[in-house]
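**Q** If you scroll down you'll find the structure; I have some questions about it.
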Amino acid sequence: MPKMDGYEATKAIRKSEEGTGKHIPIVALTAHAMSCDEAKCLKVGMDAYLTKPIDFKLMVSTILSLTKPTT
Amino acid sequence: MQVLLALQGNMGRIITSKWLTKKGVCTMEASEWNGLTQILRELFHARSSIHNSNNFDAHYPINLEGFKSKLLSIKDMRNPIFVIVVDIGLLDLSTDIWKEQLNFLHKYFGRAKFVWMLNHDTSNTIKTELRRKGHLLMVNKPLYKAKMIHILEAVTKERNHELQKKNMKEGDLHEFLEIDSTHFDAATSSDDSDISEISEKPIVKLTNENEHLEENNPRKEESCSTEDNKAKETNFATQAYDRGTRSRKEVNDKKSLEGLRILLAEDTPVIQRVATIMLEKMGAVVVAVGDGQQAVDALNYMVSSEDSRRESLQKDRNTRSQTEILTCHQYDLILMDCQV
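Line order of the protein sequences matches chains A and B.
Quick note: the first sequence uses my numbering, first residue 37, plus one each step.
Quick note: the second sequence uses my numbering, first residue 152, plus one each step.
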């Protein structure tokens, strides 16, 4: 993404969440299936990781698994 | 099983035919109406009067050697299932002749299963007429292998007197495919198919659907197991995937994402649109932004706007309803594209 990539955006979001006690689930979408990318995603504070092309079922189940406990 | 492909367009027909033959399905081809009627007559009238088999050469001189041998091999089959795939373009749609043609085909209705290939712009009159006559197997062009497999499965099942009726009109077929296909459901629905094919790049073509289907589970397990091997930092994701696996059953329920608010940060407009459509189909409310910065802004704005929400309630209704959609509710989840 042109101005700010997902990693930075996630970092920024996590930073803004600091002290509020909120934790909004962030799912990474990436074209790379490399494990180092995955590690990077998780390091910046993302909760789950999906690779493109997006598997619809997997996406929905991931979303559900991340949102169910909170809703 | 015997499949008669009555399709316009040589390439598609030949490819499908070759593919089916390779899979051990006996196929016959016709490219236009006259060819179709001829084969039908030969097939069914010859069957009822096998002893006349010498006569019909004279009646229908176009007979080819290959065709004859096929015909014989079909007769040898004990209990053949006939599937006739008919391109709607074979009928004369410019006049009312198609009705008569339909009536003609209807004579064979009990003896063969008809599958209709429709164009995306096939008029409703024709569809209703087909439905009225009991032709329920209708699919939109193009004929993918996956579709073909579903058709054949459906026909076989029906033959086995399964009670469940396969009312495979287009809509149902799409759903049916949607449930089975594991990638991008949109790939099978006619409206979105173009979009999703573009966005998915040639790696996952619809024709690969079945392979993809089989691949999917191992791939998922693989991702799980690699995660298991990793250090603590990946525990999070493993849990997520495990929970994901458990809740996989729920996925089939429509509207399983009902009431969720999702912020989608994705810069490719096509993927953005497709993902939005998919998620909205599941009942989620999607707000799409094109950039990480915008995503952060949207979130920050949301937090600050919560305080000023009450004030904004008194403001002009129109502007409020617009801003409300974007700001006033908490997001339940963010889908974040990682690339720059």
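Beta carbons: idealized from backbone N, C-alpha and C, even for Gly.
For Phe265/B, which beta-bridge partners are listed by DSSP?
**A** To locate residue 265/B, count along the second sequence from 1; it is residue 114. Partner(s): Ile235/B.
**Q** Work out the CA separation of Ser182/B and Thr427/B for me, nearest whole Å.
**A** What you label residue 427/B is simply residue 276 of the second sequence in a count that begins at 1. What you label residue 182/B is simply residue 31 of the second sequence in a count that begins at 1. If I take the Cα positions, the gap works out to 41 angstroms.
**Q** What are the residues that DSSP puts in a beta bridge with Ile485/B?
**A** Numbered from its first residue, the second sequence carries residue 485/B at position 334. Partner(s): Ile62/A, Leu414/B.
**Q** Compare the C-beta of Glu54/A against all C-beta atoms of chain B and say whether one is closer than 9 angstroms.
**A** Counted from its first residue, the first sequence places residue 54/A at position 18. So no, Glu54/A is outside the interface.
**Q** In chain B, which residues lie less than 8 angstroms from Cys77/A when you measure between Cβ atoms?
**A** As a position in the first sequence, residue 77/A is number 41, starting the count at 1. Within chain B, the residues near Cys77/A are Cys489.
**Q** What whole-angstrom Cβ distance do Gly443/B and Glu44/A have, given they're in contact under 8 angstroms?
**A** Mapped onto the second sequence, residue 443/B falls at position 292. Mapped onto the first sequence, residue 44/A falls at position 8. Indeed they touch by this definition, with Cβ atoms about 6 angstroms apart.
**Q** Run through the DSSP bridge pairs and tell me what Tyr85/A is partnered with.
**A** Residue numbering aside, residue 85/A sits at position 49 when the first sequence is read from its first letter. Checking the DSSP bridge columns, you'll see Tyr85/A partnered with Ala64/A.
**Q** Beta-carbon of Gly57/A versus every beta-carbon of chain B: anything under 9 angstroms?
**A** Within the first sequence, the letter at position 21 stands for residue 57/A. Answer no: the Cβ-Cβ gap between Gly57/A and chain B never drops below 9 angstroms.
**Q** What whole-angstrom Cβ distance do Ile413/B and Asp483/B have, given they're in contact under 8 angstroms?
**A** Position 262 of the second sequence, counted from the first residue, corresponds to residue 413/B. Position 332 of the second sequence, counted from the first residue, corresponds to residue 483/B. Right, the Cβ-Cβ distance comes to about 7 angstroms (below 8 angstroms), so this counts as a contact.
**Q** Starting from Met95/A and walking both ways along the alpha helix (DSSP H), at which residues does that stretch end?
**A** Here residue 95/A refers to the residue found at position 59 of the first sequence. Bounds of the alpha helix (DSSP H) holding Met95/A are 92-103.
**Q** When DSSP labels each residue in this structure, what does Met152/B get in the three-state scheme?
**A** Sequence index remark: in the second sequence, residue 152/B carries index 1 (1-based). Coil.
**Q** Alpha carbons only, please: which of Leu155/B, Gln490/B, Ser168/B is nearest the one belonging to Leu194/B?
**A** Reading the second sequence from its first residue, position 43 is the one you call residue 194/B. Leu194/B has its Cα closest to that of Leu155/B, out of Leu155/B, Gln490/B, Ser168/B.
**Q** CB-CB under 6 angstroms to Met152/B, same chain, minus the five flanking residues each way: which ones, in chain order?
**A** Within the second sequence, numbered from 1, the residue matching residue 152/B stands at position 1. Closer than 6 angstroms at Cβ, skipping near neighbours: Val176, Ile232.
**Q** Answer yes if the segment 418-433 of chain B comes into contact with the segment 73-86 of chain A, meaning at least three C-beta pairs across the two stretches below 8 angstroms, and no otherwise.
**A** no
**Q** Please report how far the alpha carbon of Val447/B lies from the alpha carbon of Pro61/A, in whole angstroms.
**A** Against the second sequence, residue 447/B aligns to sequence position 296. Against the first sequence, residue 61/A aligns to sequence position 25. Going from the Cα of Val447/B to the Cα of Pro61/A covers about 14 angstroms.
**Q** Sort out for me which residues DSSP pairs Thr178/B with in a bridge.
**A** The residue given as residue 178/B occupies position 27 in the second sequence. Per DSSP, Val154/B.
**Q** Thinking Val236/B and Leu158/B are a contact (beta carbons under 8 angstroms), I'd like their distance in whole angstroms, please.
**A** As a position in the second sequence, residue 236/B is number 85, starting the count at 1. As a position in the second sequence, residue 158/B is number 7, starting the count at 1. Val236/B to Leu158/B, Cβ: 7 angstroms. Contact.
**Q** Give the single residue among Thr276/B, Arg192/B, Val290/B, Tyr452/B whose Cα lies nearest to the Cα of Asp238/B.
**A** Position 87 of the second sequence, counted from the start, is the residue given in the question as residue 238/B. Ranking the options by Cα distance to Asp238/B, first place goes to Val290/B.
**Q** Do Leu294/B and Gly163/B have their C-beta atoms closer together than 9 angstroms?
**A** Locating residue 294/B in the second sequence gives position 143, counting from the first residue. Locating residue 163/B in the second sequence gives position 12, counting from the first residue. Taking 9 angstroms as the Cβ cut-off, Leu294/B and Gly163/B qualify as a contacting pair.
**Q** Just verifying my parser: in three-state terms, what is the DSSP assignment at Met111/B?
**A** Look at the range of chain B in this structure, 152 to 491, and you will see that residue 111/B is not part of it.
**Q** Could you tell me if Cys72/A is buried or exposed, where buried requires 16 or more neighbouring beta carbons within 10 angstroms of its beta carbon?
**A** The residue you call residue 72/A lines up with position 36 of the first sequence. Label assigned to Cys72/A: exposed.
**Q** Would you kindly report the start and end of the unbroken alpha helix (DSSP H) that includes Ala426/B?
**A** What you label residue 426/B is simply residue 275 of the second sequence in a count that begins at 1. From DSSP, the alpha helix (DSSP H) with Ala426/B extends over 420-432.
**Q** Starting from Thr482/B, find everything on chain A with Cβ-Cβ shorter than 8 angstroms and list it in chain order.
**A** Numbered from its first residue, the second sequence carries residue 482/B at position 331. The sequence shown places Tyr at residue 482/B, not Thr. Here the neighbours are Ile60.
**Q** Straight-line CA distance for Glu74/A to Lys278/B?
**A** Locating residue 74/A in the first sequence gives position 38, where the first residue counts as 1. Locating residue 278/B in the second sequence gives position 127, where the first residue counts as 1. Each residue's Cα considered, the two are about 49 angstroms apart.
**Q** Helix, strand or coil for Val436/B? Go by DSSP, reduced to three states.
**A** Indexing the second sequence from 1 puts residue 436/B at position 285. The answer is strand: DSSP assigns Val436/B an E or B state.
**Q** Checking 9 angstroms against the spacing of the C-beta atoms, do Leu253/B and Leu281/B come in under that value?
**A** Position 102 of the second sequence, counted from the start, is the residue given in the question as residue 253/B. Position 130 of the second sequence, counted from the start, is the residue given in the question as residue 281/B. Going by C-beta atoms, Leu253/B is nearer than 9 angstroms to Leu281/B.
**Q** Starting from Val447/B, find everything on chain A with Cβ-Cβ shorter than 8 angstroms and list it in chain order.
**A** Reading the second sequence from its first residue, position 296 is the one you call residue 447/B. The answer, in chain order, is Met40, Ala45, Ala48, Ile49, Ser52.
**Q** What would DSSP say about His257/B, mapped onto helix, strand or coil?
**A** Walking along the second sequence from the start, residue 257/B turns up at place 106. Correct three-state label for His257/B: helix.
**Q** Would you list, in chain order, the members of the segment 243-258 of chain B that have their beta-carbon closer than 8 angstroms to a beta-carbon of chain E?
**A** Looking for chain E here will not work: the only protein chains present are A and B.
**Q** Helix, strand or coil for Asp243/B per DSSP?
**A** Looking up residue 243/B in the second sequence gives position 92. Reduced to three states, the DSSP call for Asp243/B is coil.
**Q** With 16 as the cutoff for other CB atoms within 10 Å, does Asp91/A come out buried or exposed?
**A** Along the first sequence, read from residue 1 onward, the residue named residue 91/A stands at position 55. Counting the other Cβ atoms within 10 Å of the Cβ of Asp91/A gives 16 or more, which makes it buried.
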